[in-house]
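J.:
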C-alpha cells in the first residue's frame, strides 16, 4: 500500500475549502493542515476537518511533515508563496492563474526542476471528462480542420479587486483552447468596458481575440455584468461543429454533423455555389466525474510516479502569456504579439 | 378615401417577394409592377401576382404610373438604382445597407431633399414591436444608465459573394443599437476570420466593437459559420438588464431586475463590497405584428403625409458609416474613427 | 402531361384557406371553386384566389366540372356533406375527425367503395416527414419492443362550441399512435375537467388512457387551458426511447439510446439489480416539407393512380372509434371497450 | 442558550446520509448516533461523522440519551419503527410515505398525542421556499379560483422492489397539492403500465386523477421509465396560471398573466366569444435555502416549542389515503372514494 501523501492547503477563499474536501476524501492523501491569514476562516473549518491543524503561517508546514501544498490564495501572492514552498522542498499545486507575470512562471518552472518537485497549475477543465473527450475528437480529426473557437463566460458577479474579469474568467477558456488545440497562441487583441469597476480602473467586460498558428482564431467573451450565466464554447471545424455547454447538467457536448464546402474560386457570381451539408446532431454520453477530484488525484499520482502533470508549470505559463498580452492590448488598443523564450530542452 | 399609391418592386432575390406580398396586401397601395434582370424569376411571380406587370427594365416604371419603388437588389447596385429612381421622381425604399459608401448615402439624401421625395432604408427591426418597446424602456430610463450592448447573429449560411458576413448581418444590429440608444458611434474596431470564404477574401466570421458617446460600447458578433442560429441582443443598464431573443416565438424580451451597485473607491481590499440586487424576471407581452408589414405601411404613410420615415436616409447612412469603418478596421487591425460631415440643417 | 384535377373547397374556417392555398399551388390540381355559408368569408378569399368561383352552395360543384373536394366544415357536418359529395361522384378529402360516429364512417367507406371514389381523412401528421421517420424506426425495431406512448397537446385556446378539447385535439395523437404502432386500440379510459366550458357541458381538459394489443398503452393529455403550448410525444421502447417535439423548429426528434434491462425475478431484495444503459442522444436530420402540401399531393396522386390513401376512410374510422369510446368513458367514469365490426374483405 | 436536541438517524439508504449531514450542521441539534442493519453502510459513515455512535439496533437509542429520531428506512418498516420510537419516548420524523396504511398513520398520530411527542412526516417540498411562495399566491387569490393542477415527475430509474413508481414518486406531488390547495381529495382514479417491473407485478408508469372538493382536479403522471427527467407542476387558475419547474436551477416559478373569460351561455354558435387575456410572464426571485435544512430545523423548533409541524402526522396520513386509494384503483380500474374517519378534535 502506498503511503499517504501529507497535504497542506494555503488559502481559504472560495476555492480552498473545495481543495480541502477533495484531498480529505482521497485514499492516498492525508489533509494535514490548512493555512490562512484569517483566524475566523480557519475556525470555520474546524467542524468540517476536525483532524487538520490550522495555522496562520504556512511556513510551519514542513515541520508538520507536509510533503505537498495546494495554493488557493489571491493571484498576486501565487508567485511568492509557490516559490517559498518549492524552496522548502514541497510539491505545489497552484490555482490559476499560475502567476501574474510570464517570467515568474518561468522562475517557478526552473525552481521546480532544480528541486525535483512537481509543479502543477489548477486548470480544472483539463481534468473535465467532457473537455478531454473534445480534445480527443479534435486530435483524431473528427471535426476536420479547426477553423475557430468562440467562448462565452458570463454572469452577474463576483467582482474582485485584485483582478479584472479577464484574469478572473478567461484562464479557463485559454487553458481549454490551448489544450484541445494542442497549440499556443501568437497574438492577442483585447477590448472591453469598465463600468461597475471604473473607479478601480478594472474591466468588468472583456472581449479577447486570440490568434493561433495556421489561421485558427479563438474569441473569448467574459463578463461579470451579464444577466445570464453562460459557459459555452463553440468549436467550428471543416467537417463538424461542436458546442460545449458547461451549464447543461447532462447534455454538455453537442456535435453537429454539418458544414459547408469551400466553393471553388470563380470569376462570375452566377457560378457560386456553397454546398451545405446538414446531418444529425449527436449528444455523446460522457461518464461524469468531478474534475477537481480527478485533478487532486492526478497531483498525488504525479508525486508518487515522478511524472509531469497535464497542467504543468508550462501549461500554466502559456495561459499567463496570453493574459499578459491581453492586458497590454487593453491599454494599447492594438493586437499584441506573444513573445516566448525558447523552451529549454 | 385615399388614392392607392402605385408601387413597383425592383429585385427578386430573397427579400423582394416579401416586399411584393406585403405591398400587395396593403389597403392603400397597389402593386403595379415587378422588375428583375432574370426573366425566370419574373415568370415565377406570375401565378402569385397575376395583376402585376413584369419587366426586366425598371426604367419603364414611370411610364406605368408608378409613384414609389422598393429596391431589393444586391447592395452594390443600391446607389445607382436608387439615384435613378429619385431622379425619375419616385419615392424609394432601399433595402439595407442603403449604399456601400457613406458619401453615396449623403448624395441620395441630398437628392431626395431636392426632389422632395421620401427616401427610406429598409431597416426592418425599427418596425419590430419588440424593438420599439425596448427603445421606449431605455428612453424612459427603466434600465438606468446604459453600460453596454452585446449582439450575436449567427447561423450556418447563407454565404454571399458580394458582401462579407459583416455587411450581410451586422446592419440589423447596428441599426437597432443606433435606434434604441438614439445615438451614433464614434469608432469601430473589427476583427474576424476568413475560412470558407478565404478564396474570395471575404470574412465569414466578424466581431465588431463599437464605441458610442458616454462610454457605451456595443459588441456585435456575426457569423455565417456557426452550428446554432442565434439572434440575441443583451442590453446591460445600471438598473436593469434586458435580453432580446428574436428566435423565441413569443417570449422575445426578458427584463432582469438585477444589478450591482458601484462600490465606493477604497484603499483596502477588506472594505470592498459590491452590492448585488436580484429581483424578478419579467417577460412583457408585446402584441405582435409583422415588422415588414408595418414598414411597408409606414412608407406609404410617409408618402401620403409628407413626413420623414423612422428609418430615413440619415438612419441608413449612420449604419453605412459603421460598416465602412468596420471594413477599414478589418484591414488595419486598429480601431477606426468614424468621421461625419456635419448634418446640414 | 396529366390533366389537372379540378378541386373544390368546402368550408372557410381555420383550415379551409390552407387547403385552398396548397391545392392552388400544386402542379396537377386546379382550385376551381370555394364554398362557404358566409358570403363575408367568401368575399375575403377574392383577392387571394381571384380565379376561383365562390358559392354558398357546394351542390353547384359538379356543374362546375369539379372532380374532387376538400371538406373543412365543422365536424358535425362532415358526414352529411361527404356523403352528398361521394354520391355526386366526387372524390373527397375530409378534415379530421372523419365523422362523429363510427357507423357514419363505415357508411362513407362503403359509399366510396360503391362509387369507386377516393375517400381520404385529413390526418396531416401521417404526411409529416418526422412522423413517417418515427414509424420507420419502430417498424424496423430500432426502439425494440414498444412499451408505451405519452402524448401532450396543450395551449391556451381556441375554445370551440361544437366539440370538446378531446375531439378537437386528440385526433392528431390517436392518428399518430395508430400509424406508428400500425395497430388499433382495444379500450379507452378518459377523464377530465370542465372549467371554462362548464356552462356548455364540454371538457376543456381531457386525459385519455388507451390500451393497444400486447400491453402497449398510449396516454394522451389535451388541454385548451394551459399556459404552455406543447405538442410532445414520448415513445418508450425496450431498446431506445424517442421524443417528438413538434414545437421545435429543427430538432423535432430526439432518440435516447438508454434503457433498463428487466431484472430477473428473485425472492430476495438483496439480489435485485436493474441494469441501466445510458448512451448518446441522436437528433436525426429530417428533410422538412410542409405536411399539408404532401397530403394534398397524395390526394391527387391517389385519384390519378386509383390507389388507397395512407389516411383512408378506415384510418379515419379507427380514430373516430377511439374518440367515441373516450366520450362514453367521460360519462361512465369507466374504461370503455372499442367494438369493431369485422372489416369486410 | 437552548440545549442541543440529541438526534439519532435510522436507515442509511439514499436519504439517511442527507438527514445526518443536515442535523449535524444545525446549531441546536447534535447528531448522536446512526443505526442501520448493514455494518458496511455504518462503516462508510465513520469518516464523515466521526463523533456519531454507530449501531445496528436503534433500540439502543434511548440509552444514549437520544431525544429525537429521523427514520429513513424502507416504507414498509416505517410504522413498526416509528411506533417503537414514540413508545420509547422519542420525537419522530418519518420519511414519506408515513406508513403504507391509513389506519397505521392514525395509530401513530394517536400514539404521539398520548406520549406528547412530535410526529412529523418528511414531506420536504412543504419546506421548499418556492412551494411556500406558490401556496401564498393561491391563498391570497392571486391566481383566482383554482381549476386544476397537472404534475409530471419522470426520469429513468431508480426502480425499487418494495414500492411501485406511484408510492415512490407521487407522495411529493400529492403533498404539494394538498398543501397549496389547503384541501384534501375525495377520490382517485389511477391507471398505468407495468413494463420493466412486470415480473414483480409493480407499475413503473402511473397516471393518477385526483378529485378535490369544488371540482378542482389534480393529475399526476409518474414514471421510472422516461428519457427525460421532469419535475413540473402546472397550476391553472381563473386569473393566472403558474408553472413550477423543479429542474430549473434559478427560474423555478413562472406566473402567466393570461386566461380566458367564461363565455356566457348562449343558444347560438354565432354569439360565442371566448375572451382571451394575454399578459406578461413573471419569474419571481425566490431566495433559496435547502428545503431539507429548513425541514430539519423545523423539527427541532417544534420539539423545543411544543408546536405542531407543518407536515405533521395528519398531513402524512392525508397523503397515504390518496396512495391507498390509488392502489385500489389500479386494481379495480375504477375511481375509488377516499373514506376518512372524522378527525377527533
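Chains as they are written, first to last, in our numbering: chain A, 3 to 347; chain B, 3 to 347; chain C, 3 to 347; chain D, 3 to 347. C-beta: ideal position from N, C-alpha, C; glycine also. Here the structure is a predicted model, which is why all the values come from computation and not from measurement.
(1) Using C-beta distances below 6 Å, list every residue in its chain close to residue 257 (chain C), excluding the 5 sequence neighbours before and after it, in chain order.
(2) Determine contact between the stretch 223-240 of chain D and the stretch 141-151 of chain D, defined as no fewer than three beta-carbon pairs at a distance below 8 Å.
(3) So which residues on chain D does residue 158 (chain C) lean against when the C-beta distance must stay under 9 Å?
(4) Using a Cβ-Cβ cut-off of 8 Å (strictly less than) and excluding sequence neighbours within five positions of residue 271 (chain B), which residues of its own chain qualify?
(5) Is the Cβ of residue 271 (chain A) closer than 7 Å to any Cβ of chain B?
(6) Using a Cβ-Cβ cut-off of 8 Å (strictly less than) and excluding sequence neighbours within five positions of residue 197 (chain B), which residues of its own chain qualify?
(7) Measure how close the beta-carbons of residue 55 (chain D) and residue 66 (chain D) come, nearest whole angstrom, since I'm counting them as under 8 Å.
(8) What residues are listed by DSSP as bridge partners for residue 249 (chain C)?
(9) So with CB distances below 7 Å, who are the chain B contacts of residue 52 (chain C)?
(10) With the cut-off set at 7 Å, would you say residue 72 (chain C) and residue 88 (chain C) are in Cβ contact?
(11) Can you look up residue 337 (chain B) in the DSSP assignment and give me helix, strand or coil?
(12) Which of the residues in the stretch 225-236 of chain D, read from start to end, lie with their CB under 9 Å from any CB of chain C?
(13) Would you call the stretch 121-132 of chain D in contact with the stretch 185-197 of chain D, where contact means no fewer than 3 C-beta pairs closer than 8 Å?
(14) Where does residue 271 (chain B) sit, in a helix, a strand or coil, going by DSSP?
(15) Per DSSP, which one or two residues make a beta bridge with residue 152 (chain A)?
(16) Are the beta-carbon atoms of residue 96 (chain D) and residue 172 (chain D) separated by less than 7 Å?
(17) Quick one: using the 10 Å Cβ neighbour count with 16 as the cut-off for buried, is residue 8 (chain B) buried or exposed?
(18) At the level of alpha carbons, what is the spacing between residue 58 (chain D) and residue 12 (chain D)?
(19) Rounded to whole angstroms, how far is the Cβ of residue 356 (chain B) from the Cβ of residue 315 (chain B), which I believe are closer than 8 Å?
(20) Of all Cβ atoms in chain C, is any one closer than 7 Å to the Cβ of residue 94 (chain D)?
(21) So what does residue 205 (chain B) bridge to, in DSSP terms?
(22) By how many angstroms is the C-alpha of residue 276 (chain C) removed from the C-alpha of residue 331 (chain A)?
(23) Which of the three DSSP states, helix, strand or coil, is assigned to residue 278 (chain D)?
(24) Just to check my reading of the structure: residue 302 (chain A) and residue 30 (chain A) have Cβ atoms closer than 8 Å, yes? What is that Cβ distance to the nearest angstrom?
(25) Quick one, which of A:161, A:286 and A:128 has its alpha-carbon nearest residue 296 (chain A)'s?
(26) Within 10 angstroms of its Cβ, does residue 219 (chain C) collect 16 or more other Cβ (buried), or is it exposed?
(27) What did DSSP end up calling residue 122 (chain B) once you bin it into helix, strand or coil?
(28) Please state the DSSP three-state secondary structure of residue 322 (chain B).
(29) I'd like to know if the stretch 159-173 of chain D and the stretch 321-330 of chain D are in contact, where contact means that at least 3 CB-CB pairs between them fall below 8 Å.
(30) Using a Cβ cut-off of 8 Å, pull out every chain C residue sitting near residue 222 (chain D), in sequence order please.
(31) Please state whether DSSP places residue 261 (chain A) in a helix, a strand or coil.
(32) Using 6 Å as the cut-off, classify the Cβ of residue 188 (chain A) as near or not near the heavy atoms of the ligand HEM, replying yes or no.
(33) Buried or exposed, going by whether 16 or more other CB atoms sit within 10 Å of the CB of residue 2 (chain A)?
(34) Say whether chain A places a C-beta atom closer than 7 Å to the C-beta of residue 251 (chain C).
(35) Report all residues from its chain with a CB closer than 6 Å to the CB of residue 323 (chain A); omit the five preceding and five following residues, and keep chain order.
T.: In short:
(1) Only 242, 244 and 284 meet the Cβ criterion.
(2) Yes, since at least three Cβ pairs between the stretch 223-240 of chain D and the stretch 141-151 of chain D fall closer than 8 Å, the two stretches touch.
(3) Going along chain D in sequence order, the residues near residue 158 (chain C) (Cβ under 9 Å) are 243, 258, 260, 261, 262, 278 and 280.
(4) Only weak support exists for where residue 271 (chain B) lies, its pLDDT of 49 falling under 50; the value from the coordinates is given anyway. So no residue of the chain qualifies.
(5) Interpretation of residue 271 (chain A) is limited by its pLDDT of 49, a score under 50 that renders its predicted location unreliable; no figure is taken from the coordinates.
(6) Excluding sequence neighbours, residue 197 (chain B) sits near 206, 207 and 227.
(7) Contact flag correct, Cβ pair sits at about 6 Å.
(8) According to DSSP, which records beta bridges pairwise, residue 249 (chain C) is partnered with nothing at all.
(9) Neighbours of residue 52 (chain C) in chain B, taken as residues whose beta carbon is under 7 Å from its own, are 52 in chain order.
(10) Cβ atoms of residue 72 (chain C) and residue 88 (chain C): not closer than 7 Å.
(11) In the structure shown, residue 337 (chain B) sits in coil (DSSP, three-state: anything other than H, G, I, E or B).
(12) For the stretch 225-236 of chain D, which is checked against every Cβ of chain C, the residues closer than 9 Å are 225, 226, 227, 228, 229, 230 and 236.
(13) The stretch 121-132 of chain D makes no contact with the stretch 185-197 of chain D: fewer than 3 CB pairs, one atom from each, lie closer than 8 Å.
(14) Its pLDDT being 49, under 50, residue 271 (chain B) is placed unreliably in this model, and the value from its coordinates should be taken loosely. In the displayed model, residue 271 (chain B) falls within a helix according to three-state DSSP.
(15) The partner list for residue 152 (chain A) (beta bridge, DSSP) reads A:221 and A:236.
(16) No, they are not a contact pair.
(17) With 16 or more Cβ atoms within 10 Å of its Cβ, residue 8 (chain B) is classed as buried.
(18) Roughly 9 Å separates the two Cα atoms.
(19) One cannot answer for residue 356 (chain B) here, as it falls past the ends of chain B, which runs 3 to 347.
(20) No, its Cβ sits nowhere closer than 7 Å to a Cβ of chain C.
(21) None, per the DSSP bridge assignment.
(22) Approximately 57 Å, taken between the alpha carbons.
(23) Correct three-state label for residue 278 (chain D): strand.
(24) Confirmed, about 6 Å.
(25) Minimum Cα distance to residue 296 (chain A) is reached at A:128.
(26) Counting the other Cβ atoms within 10 Å of the Cβ of residue 219 (chain C) gives 16 or more, which makes it buried.
(27) Residue 122 (chain B) falls in the strand class under three-state DSSP.
(28) Helix, per DSSP.
(29) Touching, per the Cβ criterion.
(30) For residue 222 (chain D), none of the residues of chain C pass the 8 Å Cβ criterion, the least Cβ distance being about 11 Å.
(31) The answer is strand: DSSP assigns residue 261 (chain A) an E or B state.
(32) Looking at this structure, you won't find the ligand HEM or any other ligand, since it has none at all.
(33) No statement about residue 2 (chain A) is possible, as the shown extent of chain A runs from 3 to 347 and does not include it.
(34) By this cut-off, residue 251 (chain C) is not an interface position.
(35) Answer for residue 323 (chain A): 104 and 340, listed in chain order.
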